[in-house]
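Residue numbering for the sequence shown follows the working numbering, starting at 1 and increasing by one per position. Every residue gets a Cβ at the ideal spot worked out from N, C-alpha and C, and that includes glycine. The structure appears below as structure tokens.
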Amino acid sequence: MSGNLPTLLNDTTFYWEAKIKSALSHWGFTEMYTYSLVDQDSGLKLKNPLSSEWTYLRTSLVPSHLKIVSENLGKVEELRLFEIANVYLPKKGDLPHEELHLILTSTNPDLSRLKGYVEALASELGVLISPEIQVHPTALVCEINLEPVLAKATSIKTYIPISQYPPIIEDVNVNYSGNYADIVSKIKKVSPLIKSVELIDKYENKLTLRITYHDPKKQLSSLDISPIREELLKVMPLS
């Protein structure tokens with residue numbers, strides 16, 4: 001198979017990588033280095049693998065980190081891990097597309113804490129990041145495609161004026177066993193007044209979501225939110 005060689009990373013990318021690593025290390029995260037080749041069939045299969053155990057190129061950093069967590073559970077009180085590395089995504093008729101990812105892994109079940117680290121990191125980079133945190137039985141995981149993030153990273157800080165109209169915030173319980181990112185996407189499409197959806201808690205198939213409504217031009221009331229709630233009932237199986 002023929003194809004173009006991967007694009008070399010520029011000095012700016014290395015600068016921001018170093019900044020990310022420095023911040024996360026300062027916050028108590030340990031940097032990991034995992035193999036690009038994995039033994040599971042979720043990756044891209046090599047035609048001529050050197051070993052039967054390592055026959056697939058990874059398409060995600062998550063499985064390797066969950067394996068590390070499972071091997072170290074009980075040895076330390078809390079694991080906080082991170083890694084910056086390439087994943088390999090299929091590209092029809094060509095070599096796989098290499099994509100630079102960042103993964104944060106924590107065995108602390110506090111969702112808001114991991115989300116706070118991601119938001120603090122976004123502030124360091126001068127960008128907005130909407131973290132999609134995966135909840136696994138042994139750990140919380142957040143994998144981020146760094147390419148669009150680093151393309152917008154800046155040392156120039158911007159400040160958004162605080163709105164004079166406070167938001168309306170409510171927590172809802174949802175029965176959902178699918179992908180968390182899918183239900184968040186469905187909720188946000190219901191109304192532009194829905195500014196954020198946060199996963200607050202998870203127990204089996206029950207999710208507690210915090211929905212924030214806001215209009216920068218006026219103070220919202222229950223009358224404004226009521227029709228939105230009715231639409232939400234159509235996309236969310238409330239418990």
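| Item | Value |
| --- | --- |
| Measure the alpha-carbon distance for Arg113 versus Met236 and round it to whole angstroms. | 25 Å |
| According to DSSP, which residues form a beta bridge with Arg240? | What the structure shows of the chain is the stretch from 1 to 239, and residue 240 is not part of that stretch, so it cannot be assessed. |
| How many angstroms separate the CA atom of Met1 from the CA atom of Phe82? | Model confidence at Met1 stands at a pLDDT of 47, short of 50, so the residue's coordinates are unreliable; what they give is reported in the following sentence. Taking the straight line from one Cα to the other gives about 33 Å. |
| Rounded to whole angstroms, how far is the Cβ of Ile103 from the Cβ of His65, which I believe are closer than 8 Å? | 6 Å |
| Could you give the C-beta distance for Leu199 and Leu111, rounded to a whole number, given that I count them as a contact under 8 Å? | 6 Å |
| Can you tell me whether Leu128 is helix, strand or coil according to DSSP? | coil |
| Rounded to whole angstroms, what's the CA-CA distance from Thr138 to Thr107? Just pull it up for me. | 6 Å |
| Could you tell me which whole beta strand (DSSP E) segments of length 3 or greater appear in the segment 142 to 224? | 168 to 175, 194 to 203, 206 to 213 |
| Quick test of your reading: Gly116 and Thr158, contact by CB under 8 Å. State the CB separation rounded to the nearest angstrom. | Not quite, the Cβ-Cβ distance comes to about 20 Å (not below 8 Å), so this is no contact. |
| Considering only C-alpha positions, which residue in the set Ser196, Tyr213, Tyr15, Leu140 is nearest to Glu78? | Leu140 |
| Give me, in chain order, the residues of the same chain whose beta-carbon lies closer than 7 Å to that of Ile68; leave out the 5 immediate sequence neighbours on both sides. | Met32, Leu81 |
| Would you report the Cα separation of Val184 and Val197, rounded to the nearest angstrom? | 6 Å |
| My understanding is that Thr59 touches Tyr35, with C-beta atoms under 8 Å, so please give their C-beta distance in whole angstroms. | The pair is not a contact, with the Cβ atoms about 14 Å apart (cut-off 8 Å). |
| Quick check on the burial criterion: 16 or more other C-beta atoms within 10 angstroms. Buried or exposed for Thr105? | buried |
| In three-state DSSP terms, what is Ile111? | Residue identity check: residue 111 is Leu in the sequence provided, not Ile. The answer is helix: DSSP assigns Leu111 an H, G or I state. |
| Quick one: residues in its chain with C-beta nearer than 8 Å to the C-beta of Asp11, no 5 flanking neighbours on either side, listed in chain order? | none |
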